[in-house]
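Trainee: The sequence shown begins at 76 in our numbering and counts up one residue at a time. Every residue, glycine too, gets a C-beta built ideally from N, C-alpha and C. Pasting a structure below so you can have a look.
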Amino acid sequence: MNPADLLTQARVLLLDFDGPVCSVFASIPASTVADQLREILAEGGHAELPEAVAASADPFDVLRYAATLGADEARYVEAAFTAHEVEAIPGATPANGAHDLIEAWQVSGRPLAIVSNNSAAAISVYLDLYNLRPAVDTVQARTSSDAGLLKPSPHLLRQAIATLDVSPGDCVFVGDSVTDIQAAHAAGVRVIGYANKPGKRAKFTTAEADAITETLASLVPVS
């Protein structure tokens, strides 16, 4: 389906944060953050990590592994991860067309939620930095070390839907990862895959996204 048409039909817009709104780690590489989280585990006596975790450039892989080690390990790693996200926000690069889309959606009078695995603290800093808070009705994001609540779990999407008191069929979610597509399907929400990097269109097609776009600017203006 044409993504702009899908958005026009929606009553509620749900936006992922890292990707569809901005590049969180534009100034501090995610791989550097992952390394620092691994150092925390090493300091706690967990220097020997599974190969996939030891080599990963994704901090979420380290967080999810920390959660398998125990509540304390998960809590320490998540707290450090949040601190690094907040530190990175001033250097985060807005996605082309993202702020225009958010503002156009606000003008349309329809609710908007940010639904993200990133920390609520970091998202809050970003919204204040760019004066976007008035355009966002709710933020459903990481507030604890419980990695099981993060996408591909539908938990955060369901929280947003409940908070806005709407039905899943009223919503369209824009996400830039296969886990976003999976979470949307599990929550009964239509989803637009934001293919902002080479190879993503094919992955989103396989994951059965309802629509795919390579640019957010094509979704603006919202009618």
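Let me confirm a value: arginine 208 is counted as buried when at least 16 other C-beta atoms fall within 10 Å, else exposed. Which label applies?
Mentor: In the sequence shown, residue 208 corresponds to position 133, counting from 1. Classification of arginine 208: exposed, given that the 10 Å Cβ count is below 16.
Trainee: So for threonine 213, helix, strand or coil by DSSP?
Mentor: Here the question's residue 213 lines up with position 138 in the sequence shown. Threonine 213 falls in the strand class under three-state DSSP.
Trainee: Can you tell me which of Leu239, Ala284, Val99 and Ala270 puts its alpha carbon nearest to the alpha carbon of threonine 168?
Mentor: Indexing the sequence shown from 1 puts residue 168 at position 93. Closest option to threonine 168, Cα to Cα, is Val99.
Trainee: Take alanine 155 and list the residues in its own chain whose beta-carbon comes closer than 8 Å to its own, dropping the five residues that flank it on each side.
Mentor: Position 80 of the sequence shown, counted from the first residue, corresponds to residue 155. So the list reads Gln111, Leu112 and Ile115, once near-sequence residues are dropped.
Trainee: Any idea what DSSP makes of aspartate 245, helix, strand or coil?
Mentor: The residue you call residue 245 lines up with position 170 of the sequence shown. Helix at aspartate 245.
Trainee: Which residues bound the beta strand (DSSP E) around leucine 291?
Mentor: In the sequence shown, residue 291 corresponds to position 216, counting from 1. Per DSSP, leucine 291 belongs to no beta strand (DSSP E) and is neither H nor E.
Trainee: How would you call alanine 85, buried or exposed, if buried means at least 16 neighbouring beta carbons within 10 angstroms?
Mentor: Here residue 85 refers to the residue found at position 10 when the sequence shown is read from its first residue. It counts as buried.
Trainee: Can you name, in chain order, every residue of its own chain whose Cβ lies under 8 Å from the Cβ of tyrosine 205, other than the five neighbours on each side?
Mentor: The residue labelled residue 205 in the question sits at position 130 within the sequence shown. Excluding positions up to five away in sequence, the list reads Pro169 and His174.
Trainee: If we call anything under 8 Å between Cβ atoms a contact, is serine 303 one with glycine 166?
Mentor: Residue 303 lies beyond the range of the chain shown here (76 to 298); nothing can be said about it.
Trainee: When the Cβ atoms of the region 148-162 are set against those of the region 130-140, are three or more pairs found closer than 8 Å?
Mentor: The region 148-162 vs the region 130-140: in contact.
Trainee: Three-state secondary structure (DSSP) at tyrosine 269?
Mentor: Position 194 of the sequence shown, counting from 1, holds the residue named residue 269. The answer is strand: DSSP assigns tyrosine 269 an E or B state.
Trainee: Could you spell out the range, first to last residue, of the alpha helix (DSSP H) harbouring isoleucine 236?
Mentor: Within the sequence shown, numbered from 1, the residue matching residue 236 stands at position 161. Isoleucine 236 -> alpha helix (DSSP H) spans 230-239.
Trainee: Rounded to a whole number of angstroms, what is the C-alpha to C-alpha distance between valine 161 and glutamate 283?
Mentor: In the sequence shown, counting from the first residue as 1, residue 161 sits at position 86. In the sequence shown, counting from the first residue as 1, residue 283 sits at position 208. For valine 161 and glutamate 283, the distance between alpha carbons rounds to 33 Å.
Trainee: Please work out which residues of its chain come closer than 6 Å, Cβ to Cβ, to glycine 263, disregarding the five sequence neighbours upstream and downstream, and give them in chain order.
Mentor: Taking the first residue of the sequence shown as position 1, residue 263 is located at position 188. Counting only Cβ-Cβ distances below 6 Å, and skipping sequence neighbours, we find Pro243.
Trainee: Looking at the secondary structure, which residues open and close the alpha helix (DSSP H) in which serine 199 lies?
Mentor: Indexing the sequence shown from 1 puts residue 199 at position 124. Where serine 199 is concerned, the enclosing alpha helix (DSSP H) stretches over 195-204.
Trainee: If you count every other CB in all the chains shown that lies within 10 Å of the CB of glutamate 153, and 16 or more means buried, which is it?
Mentor: Within the sequence shown, numbered from 1, the residue matching residue 153 stands at position 78. Buried, by the Cβ-count rule.
Trainee: How many angstroms separate the CA atom of leucine 224 from the CA atom of serine 191?
Mentor: For the purposes of this step, residue 224 is identified with residue 149 of the sequence shown, where counting begins at 1. For the purposes of this step, residue 191 is identified with residue 116 of the sequence shown, where counting begins at 1. If you take the alpha carbons of leucine 224 and serine 191, they lie about 11 Å apart.
Trainee: Just tell me which of Asn171, Phe135, Arg217 and Ser131 has its CA closest to the CA of isoleucine 189.
Mentor: Along the sequence shown, read from residue 1 onward, the residue named residue 189 stands at position 114. The shortest Cα separation from isoleucine 189 among Asn171, Phe135, Arg217 and Ser131 belongs to Arg217.
Trainee: Please state if the CB of histidine 121 and the CB of leucine 90 are separated by a distance shorter than 8 Å.
Mentor: Within the sequence shown, numbered from 1, the residue matching residue 90 stands at position 15. Within the sequence shown, numbered from 1, the residue matching residue 121 stands at position 46. Against a cut-off of 8 Å, the Cβ pair of histidine 121 and leucine 90 comes out as no contact.
Trainee: Please report how far the alpha carbon of proline 296 lies from the alpha carbon of alanine 179, in whole angstroms.
Mentor: Within the sequence shown, residue 296 is the residue found at index 221, counting from 1. Within the sequence shown, residue 179 is the residue found at index 104, counting from 1. Each residue's alpha carbon lies about 6 Å from the other.
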